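Some notes on the structure that comes next.
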RNA sequence: GCCCGGGUGGCGGAACUGGCAGACGCGCAGGACUCAAAAUCCUGUGCCGGCAACGGCAUGCGGGUUCGAUUCCCGCCCCGGGCACCA
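Residue numbers (our numbering): 3 to 810.
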């Protein structure tokens, strides 16, 4: 036999990447696929640093799944693109002093190279970038559809303003009230007119549909909590001057314990209700709160502050007059901006009442606790006719009782807010609106889309709080498309999350310039078959995409309302026990590893270091194991190809242990790959390789299935061996091997013999052996007899093919 | 504070539905090959005691259920993530 050529991943991988491109291997037939499978992964933001290990981990896991599905006979569409607009790119451009319009194409080119090098099964015909006018034309179109449907509305809202950056910050960029880039600069609130999408109108549906989706439960839970549904009631507290203070509560059962009311400082009734003597104090307090930035009011110091208004309202249950306060622990944007305080059973109310010496009245009794805080178990006390009721039935009865007098209404409240899509920034798609003094905000006519982002050399945001686009005069001043009078363009750009809320709809239709997504293509390919991504997008991206899809369904543009029926979340790669970050200096750059070990080894190492859905710890040494494994597979494959019987196309029967192990391996790898349990699938392949080597087996019928099982994981190596074994076409046009349970079953099994639950012997018995036979042999065993010690056997537990336990 | 995960050898991690804890890999030790080293191959490797056969102890901690618990129940501790004056 001639010597086996050395395994040189660089050569092998370059060869197959070139062939895949030449032969259009990864470009599926999109118009009439027999079994379409849309394999989606979350597209990256093309940073200047290049693709990082986290991206690579996610993409490898998703790519393995796509390749596996293709081997099962599906027509797999696996597209990729770039989420290239947004504040990250813009800030980076500001730091390095290069215009993002120049920076982004460079980054995309670098990313493309890396994505090709790692061996993803991407259909490059359908790549996209959100910064491409041919793409964002339709992002703007989407805005127009929402605007026309009344789902895009303009509201005044507070934003975080950094006086040094001279710009609006996202909430994530504010750290405990300070700018993330200027740790000694306090963020200030500013009030601006902004565009909001009415996602709250869809809250109930977004929540209810979660039950119908096949999603990783962690992701669904995050989203459910974010939507935050609370059921309760609105209760009315009347004041002597006839004002009605409406509060929202989830615990109407505790109304007898409401000893005071609190209004948010911004509540419209605060100033009206405050008595003459208290006006000064109340106004001072409101000014103080207004000066606080949005973030520190929420997450900063939680010491309770507040001011008494001097006024009183009537508790609808007890009829007594209770004092009205204003305090910033009550938020205007949740519920009605007013609460009834039940200090006996709510921690915050209790702190406040203690600080300001307000009365505390217990109305719920719970075994073993003196003052049960927000407890739903327990019974009512000091609650008049409702004493003795459980909290649940008390709540129902009290709401009923009060609603007869018009003082209570059942009510559902959501935590989720409308989606603010305005960004007072440069690097994004301009919001396609024209402001006309006569007509108000008018949508740019669809024929005039896209509203191209003009090139502005100095795109730095300034102190005005107005987007840099306002400085481009020729662009800014336009005629109203409705009445033709002088008008101005909207100068804000839209949120990056709008770009990414519909990209999966665009992929199959990228070649159509005259429509966002082609009806036939969309019918064929959507919804997405499987979406794989990280939980960092569990809420915003996934929620917005679901919302946008629902709206498109309601407007008749698509026929489904959930874009991702099946979603799997992958874990996080950490290094030395900590998240990778530039500041920690533990970022792993994949390129060097791929250069040294090859893409196949790197892919497999990433998948082998831990469970895909949980992530794992990246260690440099670990990769040697998979590389050794690939070397062994290489040698096995090459030797098999050179074996005369194999090269003549002969199929021979395998030794029985090898045959059994083969069928066990096919079963295990199939099931584990299907369940994204790649680490154990790889372990199973390693065991099989050990078996082949121990048995000195190079038979085609033993080696060929291994090449197929390995193909999704190490696609280049598999192609090379497949070709060496005499196949003309791509291994990915072959079929995934099938297993036979009967052949996977061992002829003999080992049964454990226990005495009082401790293992005392092992017996090899025929599969399916009867209890009587096993017992007889076990009792005859010398080691077992020693522990039975002549004692009578009180009980025998027998688990077929597994164990027999004697209780003495 | 609330809601999710998780805690298993020196390390990354396995373990079906309550049935042999530690698969697979790394590392380490010994051996083969080599002038030598690397690579490769073989053997061993949870901890304690013992030359050994073997025995004891072990899945964060404390209880419980069970013939039998990493797995189920109760009460804690620690780590990671999310939400956070949400009434």
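The beta carbon of each residue, even a glycine, is placed where N, CA and C say it ideally should be. In this text the structure is predicted, and so the values were computed from the model without any measurement.
| query | In angstroms, rounded to a whole number, what distance separates the CA positions of residue 272 and residue 315? | reply | For the purposes of this step, residue 272 is taken as residue 270 along the first chain, with counting starting at 1. For the purposes of this step, residue 315 is taken as residue 313 along the first chain, with counting starting at 1. Here the alpha carbon of residue 272 sits roughly 13 Å from the alpha carbon of residue 315.
| field | Inter-stretch contact (C-beta, 8 Å, three-pair minimum) for the region 272-283 and the region 199-219 | value | no
| Backbone secondary structure at residue 43 - three-state DSSP | In the first chain, counting from the first residue as 1, residue 43 sits at position 41. Strand, per DSSP.
| field | Bridge-paired residues (DSSP) for residue 532 | value | To locate residue 532, count along the first chain from 1; it is residue 530. Residue 532 pairs with 41.
| residue 592 classed as buried or exposed, judged by whether at least 16 other C-beta atoms fall within 10 angstroms | One-based indexing of the first chain puts residue 592 at position 590. Result: buried.
| request: Compare the Cα-Cα distances from residue 771 to each of 388, 807, 140 and 752 and report the closest residue. | output: Position 769 of the first chain holds residue 771. When each option's Cα is compared against that of residue 771, the closest is 752.
| query | For the alpha helix (DSSP H) that contains residue 11, what are its first and last residues? | reply | Along the first chain, read from residue 1 onward, the residue named residue 11 stands at position 9. Looking at the DSSP string, the run of the alpha helix (DSSP H) that includes residue 11 is 11-25.
| Which class does residue 246 belong to by DSSP, given the choice of helix, strand or coil? | On the first chain, position 244 is the one that residue 246 refers to. It is a strand residue.
| task | Please state whether DSSP places residue 106 in a helix, a strand or coil. | result | Indexing the first chain from 1 puts residue 106 at position 104. Residue 106: helix per DSSP, three-state reduction.
| Environment of residue 557 [buried if 16+ CB atoms lie within 10 Å] | As a working mapping, residue 557 is identified with position 555 in the first chain. Exposed, by the Cβ-count rule.
| Span of the alpha helix (DSSP H), counted from its first residue to its last, around residue 30 | As a position in the first chain, residue 30 is number 28, starting the count at 1. Premise fails: residue 30 is in no alpha helix (DSSP H) and is neither H nor E.
| field | Residue closest to residue 196, alpha-carbon to alpha-carbon, out of 635, 469 and 359 | value | Reading the first chain from its first residue, position 194 is the one you call residue 196. The shortest C-alpha separation from residue 196 is found at 469.
| said: To test your reading of the DSSP string, which unbroken alpha helix (DSSP H) runs of 4 or more residues are found completely within the region 713-773? | reply: 717-726 and 743-746
| message | Going by C-alpha to C-alpha distance, which of 50, 52 and 68 sits closest to residue 41? | response | On the first chain, residue 41 is found 39 positions in, with the first residue counted as 1. Comparing Cα positions, the closest option is 68.
| request: Using 10 angstroms around the beta-carbon of residue 82, count the other beta-carbons present and answer buried if the total reaches 16, otherwise exposed. | output: Translated into the one-based positions of the first chain, residue 82 becomes position 80. Buried.
| message | Please tell me whether residue 611 and residue 620 are closer than 9 Å, where the distance is taken between their beta carbons. | response | Numbered from its first residue, the first chain carries residue 611 at position 609. Numbered from its first residue, the first chain carries residue 620 at position 618. Yes. Within cutoff.
| So is residue 417 buried or exposed if we call it buried at 16+ other beta carbons inside 10 Å? | Indexing the first chain from 1 puts residue 417 at position 415. It is exposed - the Cβ of residue 417 has fewer than 16 other Cβ atoms within 10 Å.
| request: Classify residue 606 as helix, strand or coil using the three-state DSSP reduction. | output: Taking the first residue of the first chain as 1, we reach residue 606 at position 604. Helix.
| field | Spatial distance of residue 536 from residue 340 (CA atoms) | value | Walking along the first chain from the start, residue 536 turns up at place 534. Walking along the first chain from the start, residue 340 turns up at place 338. So the two alpha carbons sit approximately 38 Å from each other.
| request: Determine contact between the region 456-476 and the region 140-154, defined as no fewer than three beta-carbon pairs at a distance below 8 Å. | output: no
| task | Would you mind reading off the limits of the beta strand (DSSP E) that contains residue 163? | result | The residue given as residue 163 occupies position 161 in the first chain. Per DSSP, residue 163 belongs to the beta strand (DSSP E) from 154-164.
| query | Under the rule that 16 or more other beta-carbon atoms within 10 Å means buried, what is residue 799, buried or exposed? | reply | Here residue 799 is taken as the residue at index 797 of the first chain, counted from 1. Residue 799 is exposed by the Cβ-count criterion.
| query | What does a CB cutoff of less than 8 Å around residue 777 pick up in its chain, not counting 5 residues either side in sequence? | reply | For the purposes of this step, residue 777 is taken as residue 775 along the first chain, with counting starting at 1. Only 798, 800 and 806 meet the Cβ criterion.
| Is the beta carbon of residue 199 less than 9 Å from the beta carbon of residue 420? | In the first chain, residue 199 corresponds to position 197, counting from 1. In the first chain, residue 420 corresponds to position 418, counting from 1. Yes, the pair counts as a contact, with Cβ atoms nearer than the cut-off.
| task | Give me the Cα-Cα distance between residue 189 and residue 71, rounded to the nearest whole angstrom. | result | Residue mapping note: residue 189 aligns to position 187 of the first chain, counting from 1. Residue mapping note: residue 71 aligns to position 69 of the first chain, counting from 1. So the alpha carbons of these two residues sit roughly 50 Å apart.
| message | If you follow the beta strand (DSSP E) that residue 488 is in, where does it begin and where does it stop? | response | Taking the first chain and counting its residues from 1, one reaches residue 488 at position 486. Where residue 488 is concerned, the enclosing beta strand (DSSP E) stretches over 488-491.
| message | Tell me which residues share the same chain as residue 226 and place their Cβ nearer than 7 Å to its Cβ, disregarding the 5 neighbours each side in the sequence. | response | On the first chain, residue 226 is found 224 positions in, with the first residue counted as 1. Counting only Cβ-Cβ distances below 7 Å, and skipping sequence neighbours, we find 209 and 212.
| Per DSSP, what kind of secondary structure is residue 656 in: helix, strand or coil? | In the first chain, residue 656 corresponds to position 654, counting from 1. Correct three-state label for residue 656: coil.
| field | Proximity to residue 793 [Cα-Cα], best of 63, 35, 808 and 696 | value | In the first chain, counting from the first residue as 1, residue 793 sits at position 791. Answer by Cα proximity: 808.
| query | For residue 688, which of 257, 769, 768 and 606 has the nearest alpha-carbon? | reply | By one-based count along the first chain, residue 688 stands at place 686. When each option's Cα is compared against that of residue 688, the closest is 606.
| task | Assign residue 412 to one of three DSSP states: helix, strand, or coil. | result | As a first step, residue 412 is located in the first chain; it is residue number 410 there, counting from the start. It is a strand residue.
| Just curious, the beta strand (DSSP E) that residue 234 is in, first and last residue? | Walking along the first chain from the start, residue 234 turns up at place 232. Per DSSP, the unbroken beta strand (DSSP E) holding residue 234 starts and ends at 231-240.
| query | What separation, rounded to the nearest whole angstrom, lies between the Cα atoms of residue 5 and residue 641? | reply | In the first chain, the residue the question calls residue 5 occupies position 3. In the first chain, the residue the question calls residue 641 occupies position 639. When rounded, the distance between both Cα atoms is 8 Å.
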